[in-house]
Amino acid sequence: MFVGNNGNNEANEMKSSYIGELRRRKEIEGTLRKQNEELEQVKQQRDEARKIARTHKLLLESRGAKSDHVKVLEAKVSSAMEQLQIYQRERDDLRAKLESTCKSIKDHSTIQEEGSSNVHMQQFFSEFSVAEIHDATEDFDPSFKIAEGAYGSVYRCTLRHTEVAIKVLHQNSLQGPLEFQKEVDILSKLRHPNLVTLIGVCPEIWALIYEYLPNGSLEDRLIPRDNTPPLSWQTRIQIATEICSALIFLHASKPQRMVHGNLKPGNILLDTNFGCKLSDFGVCHVLSSLEKSNNMTDISRKFPYLDTQFLNTRTLTPSSDIYSFGIILLQLITGRPPLSIIEDAQRAVNGNRLNDLLDPSAGDWSYVEAEQLTHLALRCCDTNRSRRPDLASEVYKVLELIRNTIGPLSTIHAGSEQLRQPPDSFFCPISKKIMMDPHVAADGFTYELRQIRRWLDGGHDTSPCTNIPLAHRILIPNHALRSAILVVEAASPPLTLFLIPGTYLISFLLFFPIAYVVRFFLCSILVSWNLHAVACLNRIYTVLT
């Protein structure tokens with residue numbers, strides 16, 4: 001009994017021990033499970049830490065690489081800046097060399113131009129010595145003086161058997177060299193029947209030797225002096241047409257357009273037959289006078305022919321000459337001084353009182369032509385340059401039409417109709433006979449074709465008139481002069497016999513009144529066929545000069 005109880009006790013103890021072991025095992029397993037979970041969490045945290053460490057490592061490596069790259073870039077920038085400074089220094093050196101080279105080229109060009117100008121002068125002009133000028137003027141005797149201005153004096157004398165006008169610029173004038181050089185430069189490049197001919201120069205005393213024009217200036221004729229007869233209105237239209245022709249020629253010059261800039265009646269000279277020639281391209285002394293005064297009213301009174309816009313801008317354009325031409329045209333119509341002439345003409349036109357404006361000393365004006373000229377002149381004097389008419393396409397066409405309408409001037413002068421001798425320009429300078437086939441040579445003079453060919457074929461290479469070397473041997477037909485001869489031939493029956501001696505047909509037309517109409521018809525056909533040559537001749541002059 002006692003043994004059975006002991007066995008039960010042992011069994012119970014073993015069972016209790018077993019149960020305790022199970023409990024401890026469960027506890028241990030639970031602890032192990034927790035530890036495993038914690039270990040897994042630690043592993044995950046470790047992995048994450050590794051990832052973060054790896055990421056940080058990459059970032060650090062990247063930053064290190066970037067830092068190295070930045071250092072490389074900084075080194076490159078520093079090197080580039082040093083190179084840039086080197087290039088800037090080289091650029092400055094090259095710029096200095098370029099400026100020096102340009103200055104040398106400019107100086108060389110100036111020397112070449114001066115040399116070219118001197119060669120050109122020697123080619124087209126005679127150079128007179130101081131002794132010759134003194135001998136011709138008898139040491140500038142006052143009896144030889146025909147004009148005097150602020151910048152020089154003009155003497156009339158005979159030089160190398162030729163009657164000339166010598167313009168001597170004042171030695172104490174600052175504008176003397178500029179005006180001298182400007183006149184020589186312009187007249188050495190241009191040749192036109194209505195530009196004054198420069199025969200020679202004397203640089204030592206700033207003397208310019210021109211052809212002598214016996215009828216003085218247009219200013220002398222608009223305000224008659226010494227009982228000189230006034231100009232007829234037909235002659236005034238002829239003068240206006242020739243001024244316009246000369247300005248068109250100047251403005252169309254190549255390669256650079258020329259502007260007269262000092263156009264006024266005192267600078268428009270008249271030859272034996274009242275043909276006009278422009279002179280005194282003295283823009284330099286006009287500008288000098290303008291710089292001495294800032295009072296616009298005083299300037300306008302002192303220079304009434306100057307473009308009003310030029311007074312403000314100091315910029316000369318062909319339109320400036322058009323304004324001056326408009327003032328001169330109004331003076332030709334009215335005979336009045338230039339001050340307030342535009343306002344007077346405008347009031348007369350607006351009030352239909354044009355007859356009160358016309359100069360009565362010019363004869364009986366044709367009202368239609370006078371009205372047309374007045375309107376044209378006022379357009380030329382418009383204060384707005386853009387509204388002024390074009391000389392070639394508008395002004396000259398009107399003047400030419402009026403001139404053709406009134407007919408030739410061979411029998412009309414100073415308000416009276418009388419027969420005139422043939423103009424000097426009709427005669428050949430060599431044969432002294434009226435030309436039948438006029439041609440222009442390189443010296444600008446017109447000769448009978450047979451005579452000038454005989455001169456050139458004889459071995460001469462100089463001008464028969466000036467003895468200056470000819471630039472070339474080209475001869476250009478002067479259709480304009482030929483047309484003028486035909487016009488005078490049609491208007492003056494006695495002249496025709498001398499123009500075409502031995503022509504029986506013309507003699508028949510002369511001596512039989514019934515044939516006058518036929519004669520005029522034939523001459524009119526010839527004239528109309530040749531009139532177009534005027535513009536062509538001007539273009540040829542431009543090309544050759």
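Position one of the sequence shown corresponds to residue 1 (UniProt numbering), numbered consecutively onward. The C-beta atom is built at its ideal place from N, Cα and C for all residues, glycine as well.
Ignore the nearest five residues each way along the sequence and tell me which others in Asp443's own chain have a CB closer than 7 Å to its CB. In the sequence shown, counting from the first residue as 1, residue 443 sits at position 443. Once the five neighbours on either side are set aside, the close Cβ partners of Asp443 are Ser463, Cys465, Thr466, Ile468, Leu470.
Beta-bridge partners of Cys276, as assigned by DSSP: On the sequence shown, position 276 is the one that residue 276 refers to. Under DSSP, Cys276 shares a beta bridge with Leu270.
Span separating the alpha-carbon of Ser153 from that of Gly351: Taking the sequence shown and counting its residues from 1, the one referred to as residue 153 is at position 153. Taking the sequence shown and counting its residues from 1, the one referred to as residue 351 is at position 351. Distance between the alpha carbons of Ser153 and Gly351: 45 Å.
Three-state secondary structure (DSSP) of Ala165: Looking up residue 165 in the sequence shown gives position 165. Strand at Ala165.
When the Cβ atoms of the region 209 to 219 are set against those of the region 154 to 173, are three or more pairs found closer than 8 Å? yes
Opposite Ile476 in the DSSP bridges: which residues? Within the sequence shown, numbered from 1, the residue matching residue 476 stands at position 476. DSSP output for Ile476 lists Val440 as bridge partner(s).
As assigned by DSSP and simplified to three states, the class of Pro318: Reading the sequence shown from its first residue, position 318 is the one you call residue 318. Looking at Pro318 - three-state DSSP - the assignment turns out to be helix.
In chain order, what residues of the same chain have a beta carbon less than 6 Å from the beta carbon of Pro513, not counting five sequence neighbours either side? Translated into the one-based positions of the sequence shown, residue 513 becomes position 513. Residue confidence for Pro513 is low, a pLDDT of 40 falling below 50, so the modelled location carries little weight and cannot support an answer.
For Leu250, count neighbouring C-beta atoms within 10 Å of its own C-beta (all shown protein chains included) and say buried if the count is 16 or more, exposed if not. As a position in the sequence shown, residue 250 is number 250, starting the count at 1. So Leu250 counts as buried.
Specify, as a first and last residue, the run of the beta strand (DSSP E) that Ser147 falls within. Mapped onto the sequence shown, residue 147 falls at position 147. The amino acid occupying residue 147 in the given sequence is Ala; Ser does not appear at that position. Run containing Ala147: 145 to 149, per the beta strand (DSSP E) assignment.
Alpha helix (DSSP H) containing Glu371: first to last residue? Your numbering for residue 371 matches position 371 in the sequence shown. From DSSP, the alpha helix (DSSP H) with Glu371 extends over 367 to 380.
What span of residues does the beta strand (DSSP E) with Ile199 cover, start to end? On the sequence shown, residue 199 is found 199 positions in, with the first residue counted as 1. Here the beta strand (DSSP E) through Ile199 covers 198 to 202.
Assuming the contact rule is C-beta atoms closer than 8 Å, Leu169 and Trp206 should be a hit. Round their C-beta distance to whole Å, please. Counted from its first residue, the sequence shown places residue 169 at position 169. Counted from its first residue, the sequence shown places residue 206 at position 206. Sure, about 4 Å apart at Cβ, within 8 Å.
Here's the rule: buried if 16 or more other CB atoms are within 10 angstroms of the residue's CB, otherwise exposed. What is Glu27? Counted from its first residue, the sequence shown places residue 27 at position 27. Classification for Glu27: exposed.
DSSP has Glu448 in a bridge; who is on the other side? Sequence index remark: in the sequence shown, residue 448 carries index 448 (1-based). Per DSSP, Pro438.
Pop quiz: His260 and Phe281 are said to be a contact at Cβ under 8 Å. What is the actual Cβ separation, rounded to whole angstroms? Residue 260 sits at position 260 when you count from the first residue of the sequence shown. Residue 281 sits at position 281 when you count from the first residue of the sequence shown. Contact flag correct, Cβ pair sits at about 6 Å.
Looking at the secondary structure, which residues open and close the beta strand (DSSP E) in which Leu208 lies? Within the sequence shown, residue 208 is the residue found at index 208, counting from 1. Looking at the DSSP string, the run of the beta strand (DSSP E) that includes Leu208 is 207 to 211.
Looking at the unbroken beta strand (DSSP E) that takes in Tyr155, where does it start and where does it end? Within the sequence shown, the letter at position 155 stands for residue 155. Per DSSP, Tyr155 belongs to the beta strand (DSSP E) from 152 to 159.
Determine the DSSP secondary structure at Pro422, reduced to helix, strand or coil. If you number the sequence shown from 1, residue 422 lands on position 422. Coil.
Quick one: residues in its chain with C-beta nearer than 7 Å to the C-beta of Arg257, no 5 flanking neighbours on either side, listed in chain order? Walking along the sequence shown from the start, residue 257 turns up at place 257. So the qualifying residues of the chain are His251, Pro318.
Taking Glu132 as part of the alpha helix (DSSP H), name the residues at either end of that continuous run. The sequence position of residue 132 within the sequence shown is 132, counting from 1. Glu132 -> alpha helix (DSSP H) spans 130 to 137.
Do Gln451 and Thr383 count as a contact pair if the criterion is CB distance below 9 Å? By one-based count along the sequence shown, residue 383 stands at place 383. By one-based count along the sequence shown, residue 451 stands at place 451. The answer is no: Cβ separation not under 9 Å.
Nearest-angstrom Cα distance between residue 570 and Glu38? Nothing in the structure corresponds to residue 570, since the chain is present only between 1 and 545.
Let me know the secondary structure DSSP gives Gln217 once reduced to three states. As a position in the sequence shown, residue 217 is number 217, starting the count at 1. The sequence shown places Ser at residue 217, not Gln. DSSP places Ser217 in strand when its eight states are reduced to three.
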